[in-house]
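Enquirer: Structure in structure tokens, see below.
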Amino acid sequence: HYPLRRQRQMCIRDRANKRDAGILALRAGVDIDMSDAVYADNMAAAVRAGQIPIALIDSSVRRMLRLKYALGLFDDPFRFNDVARERRYTLAPEHLAAARIAAREGIVLLKNANKTLPFRKNLRTIAVIGPLADDARAALGGWAADGRPEEAISVLAGIRAALGPSTRIIQVRGAPVDTADTSGFAAARNAASEADAVVLVIGEREDMTGEASNRASIELPGSQRDLALAVIRAARQSPGGENKPVVAVLMNGRPLAVPELAREAPALVESWFLGNQHGTAVADVLFGDYNPAGKLPVTFPRATGQIPIYYNHRSTGRPPDSANHYTSKYLDLPWTPLFPFGYGLSYTTFAYTNLRASAATIRAGDPLVVSVDVRNSGDRAGDEVVQLYIRDDVASVAEPVKALKGFRRITLKPGETRTVTFRIGPDALALYDRRMRRVVEPGTFTLFAGTSSDDVLTAHVDVTGDTLVLAPPTPRFR
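Here the sequence shown is numbered in my numbering, starting from 7 and rising by one per residue.
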């Protein structure tokens, strides 16, 4: 319902009054006006004035009643307000297990210098530092509405459950999420110096992302950047600190610009807002019970000033060139992202070889099979998300420098090799031309396959023949 409300609000910007906006929305098929009462206050008068027919109202009502009937609400309007059903399904063991799997698979390992992770479980002491370490409400994320943080697991709780009573946990908040208070820095530094390992949990609260939560800067809010650097340096300068394992765990709903953290922290984990199994999933990754395989669905910039930054941008007239001053780049930082789209590490490593296509030349409309060999070159089993990108090298309109066309998640044992195959149809090679037709144009296409949008092998295929006009895409949702 909420997106429909947003459609109505967009409509109203182009109409003189709410009645006109409501008429436009109703005619466009928007059946529900949520909370703004535009329909309730204006549509009856619009019918009386002859601006819309009552048949239009009837059609809208009919669609809503049909949905209610399909849901069984005519027989029992309270069928989903069932306490027994709630007890049976809410937090059921099988649902918690599924939530834990989903949470673990969403975690992205961004850095792991010198195999800092996973931590060993027989630690004498561990410091868990940061304003979000014990924040179960933040773990639920935005739009959890009336969520139950008492039934969610914070990172601190997940670590405590993973380690048991033999490890002493030193928990220090260190700083608030979004203010410049530094009064807790001393305690945080002391904890980092004393402990055998350090977990920093920093980022954003759940209410800092989502609707009406824009930020002008996407650096770490408040004094958290300074807290993180102080803790990392205190750990490094403590006795034996050169090898002390330190990991920074991010909680956030948007990309963050964290170049100093990425440089200074031995290990960096992106955990997003993972729901009620957040802390358990993070602990699974930190202590090696799960080998992370998540990939970034967005690009992380080095600084706010790089925004917008995304992997599938159009070609510019002057692509970045370090040898040529007059090209698209920055004077004060690299033009590349901090972490590219599709990026994510593992506790093992993967080697890509032998990217090939089933044919070097095809006619427009012919199918194409693209294959690549992937080998687990590390010493433990792990998942890898194999990604396929395609670029139309020369087209009649500006096209992305590459675009994701397929991905496969595979599991490989150490030393195991698998051939991953993608079947490419005309849709994957199509573009909208100047006449807004979906077409496949003849020319050379570059194929990219690899572990991220920036770490790829390349191959080429030539498409010959006349331009092929495709049928309009079929809507997936009706």
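Using N, Cα and C, we set each Cβ at its ideal position, and we do this for glycine too.
Since we're looking at a predicted model, the values are computed, not measured.
#1: Near TYR349, which residues of its chain fall below 6 Å by C-beta distance, leaving aside the five closest residues on each side in sequence?
#2: How would you call ILE135, buried or exposed, if buried means at least 16 neighbouring beta carbons within 10 angstroms?
#3: Classify THR49 as buried or exposed, calling it buried when 16 or more other Cβ atoms lie within 10 Å of its own Cβ.
#4: Taking a contact to mean a Cβ-Cβ separation below 7 Å, would you say LEU162 touches GLY153 in this structure?
#5: Give me whichever residues DSSP pairs with ASN118 in a beta bridge.
#6: By Cβ distance below 7 Å, which residues in the same chain neighbour ARG484 in space, the five residues on each side in sequence not counted?
#7: By how many angstroms is the C-alpha of GLY56 removed from the C-alpha of LEU304?
#8: Exposed or buried, what is TRP149 when buried is set at 16 or more other beta-carbons lying within 10 Å of its beta-carbon?
#9: Please list the segments of the beta strand (DSSP E) lying wholly inside the region 268-325, counting only runs of 3 or more residues, in order along the chain.
#10: Specify the secondary structure class of SER459 as computed by DSSP and reduced to three states.
#11: DSSP three-state label for LEU474, please.
#12: To the nearest whole angstrom, what separates the beta carbons of ILE238 and ALA271, a pair I think is in contact under 8 Å?
#13: Should THR452 and ARG369 be called a contact, given that it needs their Cβ atoms to be closer than 7 Å?
#14: Give a yes or no on whether the minimum CB-CB distance between ASP439 and chain B is below 7 Å.
#15: Please classify VAL205 as buried or exposed, where buried requires at least 16 neighbouring CB atoms within 10 angstroms.
#16: Take PHE191 as the anchor and find which of ASP184, ALA198 and GLY180 has the nearest alpha-carbon.
#17: TYR95 by DSSP, collapsed to three states: which one?
#18: Please classify THR354 as buried or exposed, where buried requires at least 16 neighbouring CB atoms within 10 angstroms.
#19: Please determine, among LYS411, GLY421, ALA455 and LYS419, the residue with the shortest C-alpha to C-alpha distance to LEU437.
#20: Let me make sure I understand the geometry here. Which of VAL207, GLY170 and LEU62 has the alpha-carbon closest to that of ALA34?
#21: Out of LEU394, PRO227 and VAL407, point me to the one whose CA is closest to TYR316's CA.
#22: How would you call GLN243, buried or exposed, if buried means at least 16 neighbouring beta carbons within 10 angstroms?
#23: If you compare alpha carbons, which of ALA197, MET442, VAL469 and THR450 is closest to ALA477?
#24: Would you mind stating whether GLY449 and PRO373 have Cβ atoms separated by less than 7 Å?
#25: Within a Cβ cutoff of 6 Å, which residues of the same chain sit near GLY247, ignoring the five residues on either side of it in sequence?
#26: Quick one: using the 10 Å Cβ neighbour count with 16 as the cut-off for buried, is GLY285 buried or exposed?
#27: Would you tell me roughly how many angstroms separate the C-alpha atoms of ARG324 and LYS335, rounded to the nearest one?
#28: Taking ASN48 as part of the alpha helix (DSSP H), name the residues at either end of that continuous run.
#29: Starting from VAL237, trace the alpha helix (DSSP H) in both directions and tell me its first and last residue.
#30: Report, in whole angstroms, the separation of the C-beta atoms of GLY294 and PRO124, which I expect to be a contact under 8 Å.
#31: As a quick exercise: from ALA144, PRO155 and ASP379, pick the residue whose alpha carbon is nearest that of VAL183.
#32: For ILE368, which residues does DSSP report across the bridge?
#33: Quick one, which of GLY300, VAL392 and VAL264 has its alpha-carbon nearest THR423's?
Expert: In terms of the structure at hand:
#1: Against the sequence shown, residue 349 aligns to sequence position 343. Answer for TYR349: LEU302 and SER458, listed in chain order.
#2: Start at 1 with the first residue of the sequence shown, and residue 135 comes out as number 129. Flag for ILE135 reads buried.
#3: As a position in the sequence shown, residue 49 is number 43, starting the count at 1. As written in the sequence, residue 49 is Met, which differs from the Thr given in the question. Buried.
#4: In the sequence shown, the residue the question calls residue 162 occupies position 156. In the sequence shown, the residue the question calls residue 153 occupies position 147. In this structure, LEU162 lies away from GLY153, with their beta-carbon atoms at least 7 Å apart.
#5: By one-based count along the sequence shown, residue 118 stands at place 112. ASN118 has ALA273 as its beta-bridge partners, per DSSP.
#6: In the sequence shown, residue 484 corresponds to position 478, counting from 1. Residue placement at ARG484 is flagged as unreliable, the pLDDT there being 46, under the threshold of 50; a coordinate-derived value is accordingly withheld.
#7: Taking the sequence shown and counting its residues from 1, the one referred to as residue 304 is at position 298. Taking the sequence shown and counting its residues from 1, the one referred to as residue 56 is at position 50. Here residue 304 turns out to be Val, not Leu, going by the sequence shown. Between the alpha carbons of VAL304 and GLY56 lies a distance of about 49 Å.
#8: Residue 149 sits at position 143 when you count from the first residue of the sequence shown. That one is exposed.
#9: Qualifying beta strand (DSSP E) stretches, in chain order: 273-276.
#10: Reading the sequence shown from its first residue, position 453 is the one you call residue 459. In this structure, DSSP gives SER459 a state outside helix and strand, which the three-state scheme calls coil.
#11: What you label residue 474 is simply residue 468 of the sequence shown in a count that begins at 1. Under the three-state reduction of DSSP output, LEU474 falls in the strand class.
#12: As a working note, residue 238 is residue 232 in the sequence shown. As a working note, residue 271 is residue 265 in the sequence shown. Yes, ILE238 and ALA271 are in contact; Cβ-Cβ is about 6 Å, under 8 Å.
#13: The count along the sequence shown starts at 1 and reaches residue 452 at position 446. The count along the sequence shown starts at 1 and reaches residue 369 at position 363. Not in contact: THR452 and ARG369 (Cβ atoms no closer than 7 Å).
#14: Considering every chain present, this structure includes no chain B. It has just one protein chain.
#15: Start at 1 with the first residue of the sequence shown, and residue 205 comes out as number 199. Taking all protein chains in view, the Cβ of VAL205 is crowded by 16 or more other Cβ atoms within 10 Å, so the residue is classified as buried.
#16: As a working mapping, residue 191 is identified with position 185 in the sequence shown. The candidate whose alpha carbon is nearest that of PHE191 is GLY180.
#17: Within the sequence shown, residue 95 is the residue found at index 89, counting from 1. If DSSP states are grouped into helix, strand and coil, TYR95 belongs with the helices.
#18: For this step, residue 354 is matched to residue 348 along the sequence shown. The Cβ neighbour count for THR354, taken over all protein chains shown within 10 Å, is at least 16; the residue is labelled buried.
#19: For the purposes of this step, residue 437 is identified with residue 431 of the sequence shown, where counting begins at 1. Taking only the C-alpha atoms, the option nearest LEU437 is LYS411.
#20: Counting from one through the sequence shown, the residue named residue 34 turns up at place 28. Per the Cα distances, LEU62.
#21: Taking the sequence shown and counting its residues from 1, one reaches residue 316 at position 310. It is VAL407 whose Cα lies nearest to the Cα of TYR316.
#22: Taking the first residue of the sequence shown as 1, we reach residue 243 at position 237. Exposed is the call here.
#23: As a working mapping, residue 477 is identified with position 471 in the sequence shown. Nearest C-alpha to ALA477 among ALA197, MET442, VAL469 and THR450: MET442.
#24: Position 443 of the sequence shown, counted from the first residue, corresponds to residue 449. Position 367 of the sequence shown, counted from the first residue, corresponds to residue 373. Cβ distance not < 7 Å, so GLY449 and PRO373 don't count as in contact.
#25: As a working note, residue 247 is residue 241 in the sequence shown. Take GLY247, set aside five residues on each side of it, and the residues of its chain with a beta-carbon closer than 6 Å to its own are ALA241, in chain order.
#26: Taking the first residue of the sequence shown as 1, we reach residue 285 at position 279. Buried is the label assigned to GLY285, since at least 16 other Cβ atoms lie within 10 Å of its Cβ.
#27: Sequence index remark: in the sequence shown, residue 324 carries index 318 (1-based). Sequence index remark: in the sequence shown, residue 335 carries index 329 (1-based). CA-to-CA, the gap between ARG324 and LYS335 works out to about 9 Å.
#28: For this step, residue 48 is matched to residue 42 along the sequence shown. Note, ASN48: alpha helix (DSSP H), 44-54.
#29: Position 231 of the sequence shown holds residue 237. Per DSSP, the continuous alpha helix (DSSP H) segment holding VAL237 begins and ends at 230-243.
#30: As a working note, residue 294 is residue 288 in the sequence shown. As a working note, residue 124 is residue 118 in the sequence shown. That belief holds up - the Cβ atoms of GLY294 and PRO124 are roughly 3 Å apart, short of 8 Å.
#31: Translated into positions along the sequence shown, residue 183 becomes position 177. Minimum Cα distance to VAL183 is reached at ALA144.
#32: Residue mapping note: residue 368 aligns to position 362 of the sequence shown, counting from 1. ILE368 is bridged by DSSP to VAL469.
#33: In the sequence shown, residue 423 corresponds to position 417, counting from 1. Taking only the C-alpha atoms, the option nearest THR423 is VAL392.
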